[in-house]
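*Asks:* Could you have a look at this structure, given as structure tokens, before my questions?
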Amino acid sequence: MRKDSAKGESKMSEDDKKNSDQKDRDGQTVGTSVTRREFLKIAGVAGAAVGVGAGLGGVLAACGEEETTTTTAGPTTTAAPETTTTAAPETTTTTAGPEAGREIKVGVVSPVTGPLAIFAIADKWGIDLTKEYLGDEMVLGDGKLHKVSWLLRDTQSDDSRASQVTSDLIMNDKVDLLTVGGSPTTAVPAAVQAETNGTPILCSNCPWGAIVFGRHPDLQNPADNPDKWVFGSLFGVEQGTAALISVLDKLTTNKVAGLFLGNTLDTQAWQTPGIGFEDSLKAAGYTVVNPGYFNLGTEDFTSMISEYKKAGCELNVGSNPGKDFPNFWTQCAQQGYNPKVCNEMIGLGAYSDQLAMGEAAFGIIQIFTWHASWPYKDFISGMTNTELAARYEEDFNAPWDQFITGYMRCGWAVDVLKRTKDLDDKESVLEAIKTTKLELITGPIDLTIPVDPAGLRVSPGIWKQPISLGQLRKGTKWEVEAPMVAAVDAPGVTDADLVAPFEIKWG
107 MRKDSAKGES KMSEDDKKNS DQKDRDGQTV GTSVTRREFL KIAGVAGAAV
157 GVGAGLGGVL AACGEEETTT TTAGPTTTAA PETTTTAAPE TTTTTAGPEA
207 GREIKVGVVS PVTGPLAIFA IADKWGIDLT KEYLGDEMVL GDGKLHKVSW
257 LLRDTQSDDS RASQVTSDLI MNDKVDLLTV GGSPTTAVPA AVQAETNGTP
307 ILCSNCPWGA IVFGRHPDLQ NPADNPDKWV FGSLFGVEQG TAALISVLDK
357 LTTNKVAGLF LGNTLDTQAW QTPGIGFEDS LKAAGYTVVN PGYFNLGTED
407 FTSMISEYKK AGCELNVGSN PGKDFPNFWT QCAQQGYNPK VCNEMIGLGA
457 YSDQLAMGEA AFGIIQIFTW HASWPYKDFI SGMTNTELAA RYEEDFNAPW
507 DQFITGYMRC GWAVDVLKRT KDLDDKESVL EAIKTTKLEL ITGPIDLTIP
557 VDPAGLRVSP GIWKQPISLG QLRKGTKWEV EAPMVAAVDA PGVTDADLVA
607 PFEIKWG
């Protein structure tokens, strides 16, 4: 990005626009002991493992591809402190700036390319924005002036590669802190490497159950999570399903729901026993039709559609990364399957896909791990979420995107570094993370309160962030917009901030 000196506004360079266009927009004290059965009754989390693909700790197979690695260096607006000399009669006083410290490296593990690329849509933008406001150098918790480098690594939406690039950041780049986001496929293997190699990591955009129970399937209580180095501000599947049912109950349907589920780690997380789509819908009095998982890239969904039609499914529910949902939805229209309600958590998240579908996209309900209407403020720039959304729209000439969520990791990382007293001691970094208490663009986070599996600090290192549901409809400023129809655990968001959901109109 460049800074326009006349207007003070940021614009994207032609290269940034090109790169953007190429993207597929696509210890701790626990007050009360909680048994596994009690926890299931409180939060619905069964300790069953969320499936993790083979090779999470493995290395990238030798396939002849060259790794894409990026060290992002945005425009610097804060120069290194200068030496100021104040003249007085017959004497000169020199005031020096802070002592220079060593370079600090933050590793950013992100699915920049591949079917999960939508999760990374704002990652480079967020790094550039951080550097625009804070510069390349910062005075950190030790009182010294440090160059801070953000090392962005592309996982290519592959779990084995996510493991490998995280390992490389730790072993070769010697990063001081890791951040990661972009579904369990990205976050889980990165967390495994961080914990194994003793490097602190900040996670977002992943169900917390996948990080905790997915990695520790025999764990009885999330408060007993043994991780030392893994921290996250994460949403819960139980939050998503509770929000969904609150919306479905406002609509008139036959309460028969067909599940549309791809064979991915993200989708498997949404089927977590006790809290996932199927069990939550059944517990709320809905009939569920589950034709089983389909493989990503499936071209013909006729058999699944036929099963939905036969059962009379007026609801369709799923969460599928990539291009499978648009293909499926088109075939639904062609084959006369016209559900009244459709909840597709992420499968139509890219604005380009929404535009391509036109009015067929209107009415689809999606999850939002960040929303422009949330009444929170950016720790780095001071912008409100509404102002941050406007800035994004100006830079990309496109509507704001919920995956601005990833930018919260920049704010969290900066806060941690500014409070770390000894940057050469990872235990000191840990102490700064454990005492996190601030407001981010995803809401307040407070790791100083007691652990409570039924509350927001579900385990020593995991905080549950807010989530919202939005429903796609014809917009005013942009062709498609998604105002909130539900919100969970979102301080400051009231019923007045929500709009009424509506049934899909076909034909």
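Counting in our numbering, the sequence shown runs from 107 upward without gaps. For glycine and all other residues, C-beta sits at the position ideal for the given N, C-alpha and C. Note that the coordinates shown come from a computational prediction; the quantities given were computed from them, not determined experimentally.
#1: Please report how far the alpha carbon of Thr192 lies from the alpha carbon of Cys312, in whole angstroms.
#2: Let me know the secondary structure DSSP gives Arg208 once reduced to three states.
#3: Can you give me the Cβ contacts of Phe383 inside the same chain, cut-off strictly under 7 Å, excluding the 5 residues immediately before and after it?
#4: Using DSSP with H/G/I as helix, E/B as strand and the rest coil, what is Ala316?
#5: Can you have a look at Ala349 and say buried or exposed, based on whether 16 or more other CB atoms are within 10 angstroms of its CB?
#6: Have a look at the DSSP bridge pairing and note the partners of His252.
#7: If I measure Cβ to Cβ from Ser487 and keep anything under 6 Å in the same chain, skipping five residues before and after, which residues do I get?
#8: Have a look at the DSSP bridge pairing and note the partners of Val336.
#9: From the DSSP output, in three-state form, read off Thr492 for me.
#10: With H, G and I counted as helix, E and B as strand and the rest as coil, what does DSSP make of Cys419?
#11: Where do the ends of the beta strand (DSSP E) carrying Phe474 lie?
#12: Give me the Cβ distance between Glu585 and Leu461, rounded to the nearest whole Å; I'm assuming they're in contact under 8 Å.
#13: Of the residues Lys543, Ile381 and Leu546, which one's Cα is nearest the Cα of Ser351?
#14: How far does the beta strand (DSSP E) with Phe366 in it reach, from first residue to last?
#15: Starting from Lys543, trace the beta strand (DSSP E) in both directions and tell me its first and last residue.
#16: Less than 7 Å between the beta carbons of Trp476 and Thr511, yes or no?
#17: Between Pro556 and Ala329, is the Cβ-Cβ spacing less than 7 Å?
#18: For Arg525, report the span of its alpha helix (DSSP H) as first-last.
#19: Within 10 Å of its beta-carbon, does Ala389 have 16 or more other beta-carbons around it, so buried, or fewer, so exposed?
#20: So what does Thr393 bridge to, in DSSP terms?
#21: Nearest to Thr285 by CA position, among Val212, Leu246 and Leu354, is which residue?
#22: Give the single residue among Thr541, Val218, Tyr482 and Glu465 whose Cα lies nearest to the Cα of Gly287.
#23: Return yes when the Cβ of Ile547 is within less than 7 Å of the Cβ of Trp569, no when it is not.
#24: Put Pro432 into one of helix, strand or coil per three-state DSSP.
#25: Given this structure, state the Cα-to-Cα distance separating Gly391 from Lys361, to the nearest angstrom.
#26: If we count the other Cβ atoms within 10 Å of its Cβ and call it buried at 16 or more, is Glu533 buried or exposed?
#27: With a threshold of 6 Å, establish whether the CB of Ala349 neighbours any heavy atom of the ligand GTP.
#28: Please report the straight-line C-alpha distance between Met489 and Gly567, rounded to a whole angstrom.
#29: Do you know offhand how far Gly304's Cα is from Ser574's?
#30: Inspect the beta-carbon positions of Leu203 and Ser263 and report whether they are closer than 7 Å.
#31: Determine, using beta-carbon pairs with one atom in the region 267-286 and one in the region 294-302, whether at least three such pairs fall under 8 Å.
#32: Could you tell me which residues DSSP puts in a beta bridge with Leu283?
#33: Go ahead and label Glu500 buried or exposed: buried means 16 or more other beta carbons lie within 10 angstroms of its beta carbon, across all protein chains shown.
#34: Between Gly232, Leu544 and Pro332, which has its C-alpha nearest Trp256's C-alpha?
#35: If we ignore side chains and look at the alpha-carbon of each, how far apart do Pro427 and Pro589 end up?
#36: Leaving aside the five residues before and after Val564 along the sequence, list all residues of the same chain whose C-beta is less than 8 Å from its C-beta, in chain order.
*Replies:* For this structure:
#1: The sequence position of residue 192 within the sequence shown is 86, counting from 1. The sequence position of residue 312 within the sequence shown is 206, counting from 1. Model confidence at Thr192 stands at a pLDDT of 37, short of 50, so the residue's coordinates are unreliable and nothing is read from them.
#2: On the sequence shown, residue 208 is found 102 positions in, with the first residue counted as 1. Three-state result, Arg208: coil.
#3: Along the sequence shown, one-based indexing puts residue 383 at 277. Closer than 7 Å at Cβ, skipping near neighbours: Thr347, Leu365, Trp376, Gln377 and Val423.
#4: By one-based count along the sequence shown, residue 316 stands at place 210. Here Ala316 sits in helix by DSSP.
#5: Working through the sequence shown from its first residue, we reach residue 349 at position 243. Buried.
#6: In the sequence shown, the residue the question calls residue 252 occupies position 146. DSSP output for His252 lists Met244 as bridge partner(s).
#7: Locating residue 487 in the sequence shown gives position 381, where the first residue counts as 1. Answer for Ser487: Tyr239, listed in chain order.
#8: Counting from 1 along the sequence shown, the entry for residue 336 is found at position 230. Val336 pairs with Ile307.
#9: By 1-based counting over the sequence shown, the position of residue 492 is 386. It is helical.
#10: The sequence position of residue 419 within the sequence shown is 313, counting from 1. Three-state result, Cys419: coil.
#11: Here residue 474 is taken as the residue at index 368 of the sequence shown, counted from 1. Residues Ile470 to Phe474.
#12: Residue mapping note: residue 585 aligns to position 479 of the sequence shown, counting from 1. Residue mapping note: residue 461 aligns to position 355 of the sequence shown, counting from 1. With a Cβ gap of about 6 Å, Glu585 and Leu461 count as contacting.
#13: Here the question's residue 351 lines up with position 245 in the sequence shown. This sequence places Ile at residue 351; Ser is not what is there. Answer by Cα proximity: Ile381.
#14: The residue you call residue 366 lines up with position 260 of the sequence shown. From DSSP, the beta strand (DSSP E) with Phe366 extends over Val362 to Phe366.
#15: Counted from its first residue, the sequence shown places residue 543 at position 437. Lys543 to Leu546 is the extent of the beta strand (DSSP E) around Lys543.
#16: Residue 476 sits at position 370 when you count from the first residue of the sequence shown. Residue 511 sits at position 405 when you count from the first residue of the sequence shown. Their beta carbons are under 7 Å apart, which means Trp476 touches Thr511 by this criterion.
#17: Working through the sequence shown from its first residue, we reach residue 556 at position 450. Working through the sequence shown from its first residue, we reach residue 329 at position 223. Taking 7 Å as the cut-off, the Cβ atoms of Pro556 and Ala329 do not count as close.
#18: Here the question's residue 525 lines up with position 419 in the sequence shown. Met514 to Arg525 is the span of the alpha helix (DSSP H), which, as asked, contains Arg525.
#19: Here residue 389 refers to the residue found at position 283 when the sequence shown is read from its first residue. When all chains shown are included, Ala389 counts as exposed.
#20: Against the sequence shown, residue 393 aligns to sequence position 287. Answer by DSSP bridge pairing, in chain order: Val362.
#21: Numbered from its first residue, the sequence shown carries residue 285 at position 179. Nearest C-alpha to Thr285: Val212.
#22: Here residue 287 corresponds to residue number 181 of the sequence shown, with the count starting at 1. Cα-wise, what sits closest to Gly287 is Val218.
#23: Translated into positions along the sequence shown, residue 569 becomes position 463. Translated into positions along the sequence shown, residue 547 becomes position 441. Cβ distance not < 7 Å, so Trp569 and Ile547 don't count as in contact.
#24: Position 326 of the sequence shown, counted from the first residue, corresponds to residue 432. Residue state, collapsed to three classes: helix.
#25: By one-based count along the sequence shown, residue 391 stands at place 285. By one-based count along the sequence shown, residue 361 stands at place 255. Gly391 and Lys361: Cα-Cα distance of roughly 8 Å.
#26: Counting from 1 along the sequence shown, the entry for residue 533 is found at position 427. It is exposed - the Cβ of Glu533 has fewer than 16 other Cβ atoms within 10 Å.
#27: The model on display carries no ligand, and the ligand GTP is accordingly not part of it.
#28: For the purposes of this step, residue 489 is identified with residue 383 of the sequence shown, where counting begins at 1. For the purposes of this step, residue 567 is identified with residue 461 of the sequence shown, where counting begins at 1. Approximately 27 Å, taken between the alpha carbons.
#29: Residue 304 sits at position 198 when you count from the first residue of the sequence shown. Residue 574 sits at position 468 when you count from the first residue of the sequence shown. Approximately 34 Å, taken between the alpha carbons.
#30: For the purposes of this step, residue 203 is taken as the residue at position 97 of the sequence shown. For the purposes of this step, residue 263 is taken as the residue at position 157 of the sequence shown. First, the residue type needs correcting, since residue 203 is Gly and not Leu in the sequence shown. Cβ distance not < 7 Å, so Gly203 and Ser263 don't count as in contact.
#31: yes
#32: Within the sequence shown, numbered from 1, the residue matching residue 283 stands at position 177. Its beta-bridge partners are Val212.
#33: Here residue 500 is taken as the residue at index 394 of the sequence shown, counted from 1. By the neighbour-count criterion, in which 16 or more other beta carbons inside 10 Å mark a residue as buried, Glu500 falls on the exposed side.
#34: Indexing the sequence shown from 1 puts residue 256 at position 150. For Trp256, the nearest C-alpha among the options comes from Gly232.
#35: As a working mapping, residue 427 is identified with position 321 in the sequence shown. As a working mapping, residue 589 is identified with position 483 in the sequence shown. Going by the C-alpha atoms only, they are around 21 Å apart.
#36: Numbered from its first residue, the sequence shown carries residue 564 at position 458. Here the set comprises Ala149, Trp314, Val318, Pro328, Ala329, Gly342, Val557, Asp558 and Lys570.
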